[in-house]
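Protein chains: 2
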Amino acid sequence: MYVTLSAENRPVPELPQPARSVRHAPLTRLGTGQHLYREGDPVERLYQVVSGVVRLTRMLEDGRRQVIAFGYPGDIIGFPADGCHHTDCDALVDTTLRSYRRAALDHGDGDPELHLALLQAALREISAMQDHVMMLGQKSAAERVASFLNVVTRKYGADLGPCRQIELPMCRNDIADFLGLTTETVSRAFTSLRKAGVIALDGAQTITVLEPDTLEELALGSD
Amino acid sequence: MYVTLSAENRPVPELPQPARSVRHAPLTRLGTGQHLYREGDPVERLYQVVSGVVRLTRMLEDGRRQVIAFGYPGDIIGFPADGCHHTDCDALVDTTLRSYRRAALDHGDGDPELHLALLQAALREISAMQDHVMMLGQKSAAERVASFLNVVTRKYGADLGPCRQIELPMCRNDIADFLGLTTETVSRAFTSLRKAGVIALDGAQTITVLEPDTLEELALGSD
DNA sequence: CGACTCCTTGAGCAGCTTCAATCGATGTGG
DNA sequence: CCACATCGATTGAAGCTGCTCAAGGAGTCG
Numbered sequence: 000m001y002v003t004l005s006a007e008n009r010p011v012p013e014l015p016q017p018a019r020s021v022r023h024a025p026l027t028r029l030g031t032g033q034h035l036y037r038e039g040d041p042v043e044r045l046y047q048v049v050s051g052v053v054r055l056t057r058m059l060e061d062g063r064r065q066v067i068a069f070g071y072p073g074d075i076i077g078f079p080a081d082g083c084h085h086t087d088c089d090a091l092v093d094t095t096l097r098s099y100r101r102a103a104l105d106h107g108d109g110d111p112e113l114h115l116a117l118l119q120a121a122l123r124e125i126s127a128m129q130d131h132v133m134m135l136g137q138k139s140a141a142e143r144v145a146s147f148l149n150v151v152t153r154k155y156g157a158d159l160g161p162c163r164q165i166e167l168p169m170c171r172n173d174i175a176d177f178l179g180l181t182t183e184t185v186s187r188a189f190t191s192l193r194k195a196g197v198i199a200l201d202g203a204q205t206i207t208v209l210e211p212d213t214l215e216e217l218a219l220g221s222d
Numbered sequence: 000m001y002v003t004l005s006a007e008n009r010p011v012p013e014l015p016q017p018a019r020s021v022r023h024a025p026l027t028r029l030g031t032g033q034h035l036y037r038e039g040d041p042v043e044r045l046y047q048v049v050s051g052v053v054r055l056t057r058m059l060e061d062g063r064r065q066v067i068a069f070g071y072p073g074d075i076i077g078f079p080a081d082g083c084h085h086t087d088c089d090a091l092v093d094t095t096l097r098s099y100r101r102a103a104l105d106h107g108d109g110d111p112e113l114h115l116a117l118l119q120a121a122l123r124e125i126s127a128m129q130d131h132v133m134m135l136g137q138k139s140a141a142e143r144v145a146s147f148l149n150v151v152t153r154k155y156g157a158d159l160g161p162c163r164q165i166e167l168p169m170c171r172n173d174i175a176d177f178l179g180l181t182t183e184t185v186s187r188a189f190t191s192l193r194k195a196g197v198i199a200l201d202g203a204q205t206i207t208v209l210e211p212d213t214l215e216e217l218a219l220g221s222d
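Chains as they are written, first to last, in numbering that gives the first Met the number 0: chain A, 0 to 222; chain B, 0 to 222.
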């Protein structure tokens, strides 16, 4: 998932139309917690999440971890830089992925349609990462949490009339590492939103956004 | 410039070999402060910085600004996402750029060599943005400033035997907005490095790294 | 020389983290 | 079926990092 600041400006990116050859693209299954690849691995294939959710992470030597992105259905992951992966990728829940040969990105591999779709995905990823940079560099803890919930519920949540609901597959710690915060700060922000009546919590994972517009305002940091 | 955490692992990205057709790529000149494009503009061309330095920025409604990257010679800038620019780009000093038609990225435009070079640049940019995310999400102010100086001096500085020297074209405020800090905090970090004997300052813009290895350790956050 | 801009430095404060304890849900064994 | 262990989430209290506000210094340009 690429939690962007400008999610509201763009349509939900639908699954790129499977190109003709895509029907032949093999599926990969990943159990909860299983790794798809690790930082430093050579890139042989790209993947599109079909179902489930994956987590892309990077580590520092001393153990600090950054969650770079969450991969939701439709997202393309595994772009190489200098031929190898620069994140770890593992599954938050049982996940199915469609895999493509790296050559499909590099030179089309006989399928210009797929080639273009992968290229577009890479370009969108640049923009998504820039959104993330903007968020981490400029936004407060409350704004980051609101941004995260705003995007994830709008893109992947269920429409309940005035409300939106979603089941979060990641724990507070994952959200914290995604937002550059601590678990405690994320938790406090959730509580604060709940007490303000903007969201409701049913257990820790199920979020109902009672006031989507308020949430969006908070996300944008309008005072 | 894409100040990465892992700059030391990679060779300085040389100017991609000008493909045959590149000789015909037109040059653009940009005076100090001039804009090359703005957020929302449709992308017609991509650019490679030939000389000078540009600044890529994004704004929030309330005026908060994030410097996404500094574009140094060799860097490719202007990648489209959904057909338009998602940053502003302006010149920190007089700058020359080589421009390419967007079609060269999209489908090669009759030059597969150039097509591949642009694609590789886009993929490296994803990785660079991830480095930036890691830095903003996990590193302290001192580590960020050390990372910035470490990368910029190693990639673009002059080799003075044991030392490295560089003239910074950007002001403290630009660095602050790049690192997600305030001008004051950046200034204090510079002073602290100077007092520790790691760097020397000759005026505000000229930095000499007296102890490159110490600087790198500080950048990586090894305690 | 004076005006302007940018950089530096200081003091106080706020926001987020750290450390620690409790709560709550889930699962296991008696 | 219930007691208990475990793990993640929440809450509280205290501390530190980085921000805000303010003043002074340094370099630049008319």
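Glycine is no exception: its CB is placed at the ideal position from the N, C-alpha and C atoms. Since we're looking at a predicted model, the values are computed, not measured.
For ASP40 of chain A, the closest of A:HIS85, A:TYR71 and A:PRO25 by C-alpha to C-alpha distance is A:HIS85. Nearest to ARG123 of chain B by alpha-carbon distance, out of A:LEU200, A:ASP173 and A:CYS83, is A:CYS83. Inter-residue distance for LYS138 of chain A and GLY109 of chain B is about 44 Å (C-alpha atoms, whole angstroms). In this structure, the CA atom of ILE206 of chain B is about 34 Å from the CA atom of ARG44 of chain B.
Rounded to whole angstroms, the gap between the alpha carbons of ARG54 of chain B and CYS88 of chain B is 6 Å.
By the beta-carbon neighbour count (other beta carbons within 10 angstroms, threshold 16), ASP158 of chain B is exposed. Under the three-state reduction of DSSP, ALA24 of chain A is assigned to coil, being neither helix nor strand. Pairing GLU142 of chain B with ALA68 of chain A, the inter-Cα distance amounts to about 23 Å. Here DSSP, grouped into helix, strand and coil, assigns LEU214 of chain B to helix. Secondary structure note for ARG163 of chain B: it is in no alpha helix (DSSP H), and the uninterrupted beta strand (DSSP E) holding it is 162-166.
Looking only at A:MET58, A:LEU135, A:GLY107 and A:GLY70, the smallest Cα-Cα distance to GLN65 of chain B is reached by A:LEU135. Closer than 8 Å to the CB of LEU115 of chain B there is at least one CB belonging to chain A.
In the three-state DSSP reduction, GLN119 of chain A falls in the helix class (H, G or I). Chain order gives the chain B residues near HIS85 of chain A as SER126 and GLN129, where near means a beta carbon separation below 7 Å. Between VAL42 of chain B and the set B:ASP93, B:TYR99, B:ARG57 and B:GLY32, the nearest pair of CA atoms involves B:TYR99. The C-beta of GLY109 of chain B comes no closer than 8 Å to any C-beta of chain A. In this structure, DSSP gives ASP176 of chain A a helical state, which the three-state scheme calls helix. The criterion of a C-beta distance shorter than 8 Å is satisfied by ALA90 of chain A and GLN33 of chain A. Only residues of its own chain outside the window of five on either side were considered, and among them ARG193, THR207 and LEU209 have a CB closer than 7 Å to the CB of ALA199 of chain A, listed in chain order. Following the DSSP letters along the chain, one finds VAL144 of chain B in no beta strand (DSSP E) but inside the alpha helix (DSSP H) bounded by residues 140-155. Taking 8 Å as the cut-off, the Cβ atoms of SER146 of chain A and THR94 of chain A do not count as close. The Cβ of ILE76 of chain A sits no closer than 8 Å to any Cβ of chain B. Residue range 87-90 is occupied by the beta strand (DSSP E) that includes ASP89 of chain B. Residue environment: LEU26 of chain B is assigned as exposed (fewer than 16 neighbouring CB atoms within 10 Å of its CB, all protein chains considered).
From the listed residues A:GLU166, A:LEU219, A:ASP212 and A:THR213, the smallest Cα separation to GLY202 of chain A is found for A:GLU166.
The beta-carbon separation of MET133 of chain A and ARG57 of chain B, rounded to 5 Å, stays under the 8 Å limit for a contact.
The alpha-carbon separation between LEU217 of chain B and ASP176 of chain B amounts to approximately 20 Å.
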